[in-house]
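Undergrad:
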Amino acid sequence: MEFYKKRAVKHGTNVFFLTLIVIGILVLVNFFSARHHQRYDLTEAKLFTLSYQTINVLAGLKDEVQVTAFFQEDRPEREKFEDLIKGYCYRSKKIKVKFIDPDKNPAITGEYDVKDYGTVVLKSGKQERRITEPNEEKLTNALIQVSREEAQVICFLQGHGEKAINDEETMGYSLARDKLKGEGHTIKEILLPKEGNVPEECSVLVVAGARKHLLPEEVKLIDEYCLQEGRVLFLMDPRGSPELSELLKGWGIELGMDLIIDQLSRLFGGDFAMPVVTEYEDHPITEAFKKGGSVIPTFFPVACSVSLASETREGFSARTLVKTSAGSWAYRGSVSGGIDINPERDKKGPITLGVVMSGKVYDQREEMNNSPTSRESRLVVFGDSDFATNQYFNFSGNGDLFLNTISWLAQEEELISIRPKERERSRFYLTNRQGKFIFYLTVVIFPTLIILAGSIIWWRRRRR
Amino acid sequence: MSNILTITVRELKAHFVSPIAYVVFVVFFIISGWLFFNIISYYNLQTLQYITQPAMLESLDLIEMVLRPHSYNLSIILLLMIPVLTMRLWAEEKRTGTAELLLTSPVRLTEIVLGKYLSSLILLLVMMILAFQYPLILIIFGNPGPGPIITTYLGLFLMGAAFLSVGFFASSLTENQIVAAIIGFGALLFFWVISWASHTVGATFGEVLSYLSLMEHFEDLSKGILDTKDIVFFLSFIFFGLFLTHRVIESHGWR
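Same order as they appear, the protein sequences are chains A and B. Mapping to numbering that gives the first Met the number 0: the first sequence position 176 is 175, numbers consecutive. Mapping to numbering that gives the first Met the number 0: the second sequence position 98 is 97, numbers consecutive.
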């Protein structure tokens, strides 16, 4: 008896340890396979494979990128993004992902200052970028931007009564400055006569509401800068620097000698001279303003019209960006003593308030070498500089419009455009008859056949 | 090797003699057929509704909207049916007393284990082949891509094989078939819901939990992605189930 018991115990212990060892081996095997695994995308449209551009970017990543995605749990958008980012993580170990449900974690969501579902924040070192409604193109572009080592320098022109970035009063641009710094940019004020030319380090030049005269040399420098890969944001007020108006005219952008009046803005509780914009053209700067059916309005206190001449400089193309409503007017009369609209003198809306222009000067050498190393010039002109002042920066979409414009201007390389994977159009039309046929076949006939087969075998056994 | 096959054939014959396999098949196909029909009816309705909106029409993908949901339905039905199929494998031997006969025969225990498992695997394979009627209908009337169909059914088969190994193990624990089936249900449900907690517990523990979930590893396969780590997981899972069963049966010999 004792002998038997001992044997059982010994056997039991053996089994126990053997089981532990097997578990250990399996855990190791699985751990290893989870780290070094292969994924094969067998879908027709290669929906889960990344484009070669993304793969290149991922291969070149040097620093770690922290991706924080704010999605509600169990939503199809979350799953879609999870599929997307899984592909990224598979290609690069430097991507680290964290999902946060804004509903369950309002504190963290507030910390990141995230306001919309579907926002993804990328952080690498000191750079930060955020995107909404992510797709492969946006995500990869954000990745490129966030992994760049140098910060962008945004230069603000000074010396002609422009809005000051260190001015914290209502007409100052300190809020804009802080927001830009928050995005990882460096801000600089420049005086052209002192600098001699627009500094090399400037990624973007901002002329915010210049009112006084510019020296001819200054105008020339700005013009040259625009020609050679320049990125400039002109915020022009009614009766701003006449030299700049001339400069822009030469580029095919005309500033109206008018004031935009908008009755619609009264409904918003604003002044008649503060037109509200609810119509945006399709452009990266404004695409976030018309999401999902609702439009975010922007307000432009005391603005003039901006129109495009029929001919632009060779190699450049321009489009309108923002327009006021149909109930607005480009008023050319006097303001003292009330508004007196004259349909013959004044132009009826919609009036264009902002335009974008981009292009490149044709360089024969470049063409011959077949090396497009220079980037294109980009200009954005708004007929108002007050919308981004401290007083109005946080009004509705104003701040975002300013920041998006700077972002677009600051982009180093051409926007990588990745064509979205197209699912093949599924053809599946069933007629009533076909539907019925399928029903009877799968739900009735087929199971019946099985029952028959079983019955036959059972019956044969009984027979025997 | 031939020993294994002999056992497999013996078990298969036993399967087909008992009414259980038939009932399981019939129920499985009635329910899955009914669910499939529902899904394609709804899909058809949506196609007709969106015929004037080509943008929406593009999002109606046969794989995403028909095959995937249907495959999840199938996996649930499998989860419920498989413990019933496996409950008799070991429990019956013990009840009828043929267990001693088997264990004292010159056939090695490993061969017995493999042979029995193989028989239930073949049964599963037959079920999968018959369930191929659904994608077949899709192919006849529509144009789904072949890749996702292959991975989905591979996933269903592997997952089913994993389910089988759990039911297999459950059956070895008791001589009462009903108890075996219930233990099987319980264990499979456990592995199904284990990932539900993964979101609330800490990050690493959560990852471990969701890795252990059988459904997790089916996900990529149901979309058309063949990932080696999913295959490795299923094979490890099956191996472990069989290993444990082997231990349990072996230890019976010492009691």
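Glycine residues also receive a C-beta, built at the ideal position from the N, C-alpha and C atoms. As the structure is a prediction and not an experimental result, all values here were calculated from the model.
Bridge partners for lysine 187 of chain A per DSSP, in chain order?
TA: Lysine 187 of chain A pairs with A:Cys154.
Undergrad: Less than 7 Å between C-beta atoms, sequence neighbours within five positions excluded: which residues of the same chain meet that for isoleucine 260 of chain B?
TA: The structure shown does not extend to residue 260 of chain B, since chain B spans only 0 to 254, so no value can be given for it.
Undergrad: For arginine 226 of chain B, which beta-bridge partners are listed by DSSP?
TA: It should be pointed out that residue 226 of chain B corresponds to aspartate in this sequence rather than to arginine. According to DSSP, aspartate 226 of chain B bridges with A:Arg38.
Undergrad: At 4 residues or longer, and completely inside the region 161 to 198 of chain B: list those alpha helix (DSSP H) runs for me, N to C.
TA: Within the region 161 to 198 of chain B, the complete alpha helix (DSSP H) runs of at least 4 residues are 176 to 192.
Undergrad: Does the region 81 to 88 of chain A come into contact with the region 107 to 115 of chain A, if we say contact requires no fewer than three beta-carbon pairs (one atom in each stretch) closer than 8 Å?
TA: These segments do not touch.
Undergrad: Please confirm whether threonine 203 of chain B has its beta-carbon closer than 8 Å to some beta-carbon of chain A.
TA: No, threonine 203 of chain B lies away from the interface with chain A (no Cβ there is under 8 Å from its Cβ).
Undergrad: What residue from A:Lys219, A:Lys79, A:Asp73, A:Glu127 has the CA that sits closest to lysine 103 of chain A's CA?
TA: Nearest option by C-alpha distance: A:Asp73.
Undergrad: Tryptophan 89 of chain B touches chain A at which residues, Cβ-Cβ below 9 Å?
TA: Chain A residues near tryptophan 89 of chain B: none, gap ~17 Å exceeds 9 Å.
Undergrad: Phenylalanine 238 of chain B to histidine 245 of chain B, Cα distance in whole Å?
TA: So the alpha carbons of these two residues sit roughly 10 Å apart.
Undergrad: Against chain B, which members of the region 440 to 456 of chain A pass a CB distance test of less than 9 Å?
TA: Per Cβ criterion, the list reads Leu440, Thr441, Val442, Val443, Phe445, Pro446, Thr447, Ile449, Ile450, Ala452, Gly453, Ser454, Ile456.
Undergrad: Nearest by alpha-carbon distance to alanine 329 of chain A: which of A:Ser335, A:Gln410, A:Asn341 is it?
TA: Measuring from the Cα of alanine 329 of chain A, the nearest candidate turns out to be A:Asn341.
Undergrad: Alpha carbon to alpha carbon, how far is alanine 20 of chain B from glycine 114 of chain B? Give it in angstroms, no decimals.
TA: If I take the Cα positions, the gap works out to 18 Å.
Undergrad: Any idea if glutamate 63 of chain B is buried or exposed, counting beta-carbon neighbours within 10 angstroms, 16 or more meaning buried?
TA: Glutamate 63 of chain B comes out buried.
Undergrad: Hey, quick one: how far does the alpha helix (DSSP H) through aspartate 261 of chain A stretch, first residue to last?
TA: It is not in any alpha helix (DSSP H) - aspartate 261 of chain A instead sits in the beta strand (DSSP E) that spans 258 to 261.
Undergrad: Does the structure place the region 381 to 397 of chain A close enough to the region 297 to 314 of chain A that three or more beta carbon pairs sit under 8 Å?
TA: Verdict: yes, contact present.
Undergrad: Just the C-alpha distance for glycine 109 of chain A and threonine 67 of chain A, rounded to the nearest angstrom, thanks.
TA: So the alpha carbons of these two residues sit roughly 13 Å apart.
Undergrad: Quick check: the region 211 to 226 of chain B against the region 154 to 168 of chain B, are there 3 or more CB pairs under 8 Å?
TA: At 8 Å Cβ cutoff, the stretches touch.
Undergrad: Residue ranges of each beta strand (DSSP E) run of no fewer than 3 residues wholly in the region 6 to 60 of chain A, ordered along the chain?
TA: Taking only runs of at least 3 residues, the beta strand (DSSP E) segments lying wholly in the region 6 to 60 of chain A are 38 to 40.
Undergrad: Between isoleucine 437 of chain A and phenylalanine 36 of chain B, which are expected to be in contact by the criterion C-beta below 8 Å, what is the C-beta distance as a whole number of angstroms?
TA: The Cβ separation is near 6 Å, so the contact holds.
Undergrad: Over the uninterrupted beta strand (DSSP E) stretch that includes glycine 358 of chain A, give me the two end residues.
TA: Per DSSP, glycine 358 of chain A belongs to the beta strand (DSSP E) from 351 to 358.
Undergrad: So, with DSSP's three-state summary, where would you put arginine 246 of chain B?
TA: Three-state DSSP puts arginine 246 of chain B in a helix.
Undergrad: Identify whether lysine 219 of chain A lies in helix, strand or coil by the three-state DSSP scheme.
TA: If DSSP states are grouped into helix, strand and coil, lysine 219 of chain A belongs with the helices.
Undergrad: Verify whether the separation of the beta carbon atoms of leucine 122 of chain B and leucine 84 of chain B is less than 8 Å.
TA: Result yes, Cβ atoms of leucine 122 of chain B and leucine 84 of chain B sit closer than 8 Å.
Undergrad: In chain B, which residues lie less than 7 Å from glutamate 469 of chain A when you measure between Cβ atoms?
TA: In the structure as shown, chain A starts at 0 and stops at 463, and residue 469 of chain A therefore has no counterpart that could be examined.
Undergrad: Restricting to Cα atoms, I'd like to know which of A:Ile22, A:Asp261, A:Ala452, A:Met356 is closest to glutamate 310 of chain A.
TA: It is A:Met356.
Undergrad: Which residues in chain A have a C-beta closer than 7 Å to the C-beta of threonine 51 of chain B? List them in chain order.
TA: Correct list: empty, because the minimum Cβ distance to chain A is about 14 Å.
Undergrad: Within 10 Å of its beta-carbon, does arginine 128 of chain A have 16 or more other beta-carbons around it, so buried, or fewer, so exposed?
TA: Its Cβ being crowded by 16 or more others within 10 Å, arginine 128 of chain A is buried.
Undergrad: Around the C-beta of tyrosine 39 of chain A, are 16 or more other C-beta atoms found within 10 angstroms, so that it is buried, or is it exposed?
TA: Label assigned to tyrosine 39 of chain A: exposed.
Undergrad: Alpha carbon to alpha carbon, how far is isoleucine 456 of chain A from leucine 117 of chain B? Give it in angstroms, no decimals.
TA: Cα to Cα, the separation comes out at about 22 Å.
Undergrad: Chain B beta carbons: is any one of them nearer than 8 Å to that of serine 32 of chain A?
TA: Closer than 8 Å to some Cβ of chain B, the Cβ of serine 32 of chain A qualifies, so yes.
Undergrad: Among A:Ala58, A:Phe155, A:Ser50, whose alpha-carbon lies nearest the alpha-carbon of cysteine 201 of chain A?
TA: Cysteine 201 of chain A has its Cα closest to that of A:Phe155, out of A:Ala58, A:Phe155, A:Ser50.
Undergrad: Give the C-beta separation of glycine 332 of chain A and glycine 348 of chain A to the nearest angstrom, bearing in mind that I take them to be a contact with Cβ-Cβ under 8 Å.
TA: Wrong, their Cβ atoms sit about 16 Å apart, outside the cutoff.
Undergrad: Under 8 Å, Cβ to Cβ, is there at least one residue of chain B near isoleucine 437 of chain A?
TA: Yes, contact with chain B.
Undergrad: Based on the DSSP secondary-structure assignment, which residues constitute the bridge partners of glutamine 126 of chain A?
TA: Answer by DSSP bridge pairing, in chain order: A:Ser123.
Undergrad: Could you tell me whether any Cβ in chain B is nearer than 8 Å to the Cβ of aspartate 281 of chain A?
TA: So no, aspartate 281 of chain A is outside the interface.
Undergrad: Using only the alpha-carbon positions, how far apart do alanine 452 of chain A and valine 125 of chain B sit?
TA: Cα to Cα, alanine 452 of chain A sits roughly 14 Å from valine 125 of chain B.
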